[in-house]
Amino acid sequence: MNSLSVFVQLIVGGLAIGSVYGLVALAHSMIWSGVRVVNFAQGEIFMIAASVSLMFVTGEWGAQLPFIPAALIGTAVSAFFGFLIYILVMRPTTKIGFLYVIGGCVGVQMLLQNIAILIWGSTGRPYPAIFPMTPVQIFGVYIVPQDVFVLCISLIAAGLLWLFLTKTKTGTAMRASSQNRAVAGLMGISHIKTDALTIIIASGLAGLAGILLAPKFFVTPQMGAIINSKAFTAAVLGGFGNIPGAVVGGLLLGIVENLAGGLLSSQFKDATSFIILILIMIFKPGGLFDAGPGRKA
540 MNSLSVFVQL IVGGLAIGSV YGLVALAHSM IWSGVRVVNF AQGEIFMIAA
590 SVSLMFVTGE WGAQLPFIPA ALIGTAVSAF FGFLIYILVM RPTTKIGFLY
640 VIGGCVGVQM LLQNIAILIW GSTGRPYPAI FPMTPVQIFG VYIVPQDVFV
690 LCISLIAAGL LWLFLTKTKT GTAMRASSQN RAVAGLMGIS HIKTDALTII
740 IASGLAGLAG ILLAPKFFVT PQMGAIINSK AFTAAVLGGF GNIPGAVVGG
790 LLLGIVENLA GGLLSSQFKD ATSFIILILI MIFKPGGLFD AGPGRKA
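Next up, the structure:
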C-alpha cells in the first residue's frame, strides 16, 4: 500500500473507533447535562451489553440469534442496568454529595467487573464481525468494511438522538429540564421522569457502543475501563455536557489516536488520549466547543 492509502485507512479506522468513543462520550454529556452527575460505571455498562449480546450471537445461552436482535437485547439490558445504577446508587448519593456519587459508581464498577468474571471468566472472547475485518480495495484505497459499518451505525444513532431531542415533545422536555428545573417544573415537566429517561437513553448508547466495538477487540470484563477513560476525554475535548461536541470530540480523538499509533508507534496510541486530556485541562478546560456557563443540550 502507498502512503496515501495507509493514511486514508488510518483516518477511516480512526473515525470508526472515534465514533464509538463519541457514543460513550455522548452518554456522559447527556447525563451531566441532564442529571448533573457523572456515571463512572459507564464502561461496565458498555461491557455488559457486549457480553450479553455475544451470548445470544454464539448461542451460549441456548437461543442463537442474528446480530440485530442480539444487539437490541444487549442494548436493552445495558439501559436497564444504567437505570438500576441510577435508582440504587446515583440518585440516593446525589443528595449527600458529589464525592459519594463517585464512590458509589466506582464501587458498582468493581462489583460488575467481578460478577462478569464469575459468569464469563477473565479470558477474552472473540465477537464475530458482521462485515470482513480485512481491508478491501475501493478506488485504490484499502478500507475495512467493519469500520465503515461501525461508523455509519454510530453516526445514525447520534443523528436519531439529536432529532429526538430537538423535534419531539419528550426531547424538548428533557432539554428544558436540563436548562432550568424550576421553570420546567412550573410547566408541568417532572425532572424525575426526564432524569430517568436521560439515564436510560445514555446507558443504551453506551451499550450500543460496546456491541459495535466488540468485534475489534476481545470481550473481557475489563474492556470497558479503557474505553470509558477515552470517552471521558472525548467528552471533555468537546466541552463536557455539550452533546454535539461529544460526538465531534470522539471523532477527533479517534483520528489523532489512530494516526499516532499508525504513523509513529503503537505505544503512543493509548497514551494519546491522556496527553490530549492534560492539554485540554491546561489550555482550554471548557473544551473546544464550550458554550459558556450553564447546562448544555
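Every position in the sequence shown, counted from 1, becomes a number in our numbering once 539 is added.
Ideal placement from N, C-alpha and C gives every residue a C-beta, glycine not left out.
Straight-line gap, residue i to residue j (C-alpha atoms, nearest Å)
i: P832; j: K823; result: In this prediction, P832 scores a pLDDT of 45, lower than 50, which makes its location untrustworthy; the coordinate-derived value is nonetheless stated afterwards. Looking at the two C-alpha atoms, the distance is approximately 14 Å.
i: G582; j: T673; result: 27 Å
i: F546; j: L790; result: 16 Å
i: R834; j: F579; result: Bear in mind that the predicted position of R834 carries a pLDDT of just 48, short of 50, making it unreliable; the figure below should be weighed with that in mind. So the alpha carbons of these two residues sit roughly 20 Å apart.
i: T632; j: Q676; result: 53 Å
i: Y666; j: A715; result: 40 Å
i: V683; j: P754; result: 12 Å
i: T709; j: F807; result: 43 Å
i: H730; j: M713; result: 8 Å
i: I815; j: I765; result: 15 Å
i: T737; j: M569; result: 7 Å
i: I819; j: F813; result: 10 Å
i: I826; j: I817; result: Note that residue 826 is Gly in the sequence shown here, rather than Ile. Between G826 and I817, the C-alpha separation is close to 12 Å.
i: F606; j: S693; result: 16 Å
i: Y681; j: A741; result: 34 Å
i: G763; j: L627; result: 21 Å
i: A602; j: P608; result: 11 Å
i: T529; j: W659; result: Residue coverage of the chain in this structure runs from 540 to 836, which leaves residue 529 outside it and unanswerable.
i: A721; j: N767; result: 32 Å
i: F688; j: I635; result: 43 Å
i: I624; j: L611; result: 20 Å
i: F622; j: L699; result: 21 Å
i: L586; j: I739; result: According to the sequence provided, residue 586 is Met. The question's Leu does not apply to it. Their backbone Cα atoms lie some 16 Å apart in a straight line.
i: H567; j: N781; result: 10 Å
i: T597; j: L604; result: 8 Å
Distance CB(residue i)-CB(residue j) smaller than 8 Å
i: I656; j: P783; result: no
i: M629; j: V640; result: yes
i: A564; j: A773; result: yes
i: A770; j: I584; result: no
i: Q652; j: A668; result: no
i: G801; j: L549; result: yes
i: V551; j: G663; result: no
i: V775; j: A697; result: no
i: G561; j: G788; result: yes
i: G778; j: T614; result: no
i: S717; j: S572; result: yes
Beta strand (DSSP E) segment containing residue i, residue limits
i: V683; result: Careful: V683 lies outside any beta strand (DSSP E) and carries neither H nor E.
i: V675; result: 675-677
Endpoints, alpha helix (DSSP H) assigned at residue i
i: K755; result: Counting along the chain, K755 falls outside any alpha helix (DSSP H), and DSSP gives it neither H nor E.
i: L802; result: Careful: L802 lies outside any alpha helix (DSSP H) and carries neither H nor E.
i: K634; result: No alpha helix (DSSP H) holds K634; DSSP gives it neither H nor E.
i: P608; result: 606-624
i: A712; result: 708-718
i: W600; result: Counting along the chain, W600 falls outside any alpha helix (DSSP H), and DSSP gives it neither H nor E.
i: V576; result: Unbroken run through V576: none, as it is neither H nor E.
Beta-bridge pairing of residue i - partner residues as DSSP gives them
i: R664; result: V758
Proximity test, Cβ basis, 8 Å: residue i and chain B
i: G679; result: Protein chain content of the structure displayed is limited to a single chain, and chain B is not contained in it.
Item to check | Inter-stretch contact at 8 Å, needing at least 3 Cβ pairs: the region 598-618 / the region 550-563 | outcome: They do not touch, by the three-pair rule.
Checklist entry - Counting pairs of Cβ atoms below 8 Å between the region 746-755 and the region 793-806, do you hit three or more? => result Between the region 746-755 and the region 793-806, the count of Cβ pairs shorter than 8 Å is below three; the stretches do not touch.
Next on the checklist: Count Cβ pairs between the region 566-578 and the region 637-656 that sit closer than 8 Å; are there 3 or more?
Outcome noted: Contact holds between the region 566-578 and the region 637-656, because three or more Cβ pairs, one in each stretch, are under 8 Å apart.
Checklist entry - Hey, is the region 592-599 in contact with the region 718-729, meaning 3+ C-beta pairs nearer than 8 Å? => result Touching, no, given that fewer than three Cβ pairs across the two stretches are closer than 8 Å.
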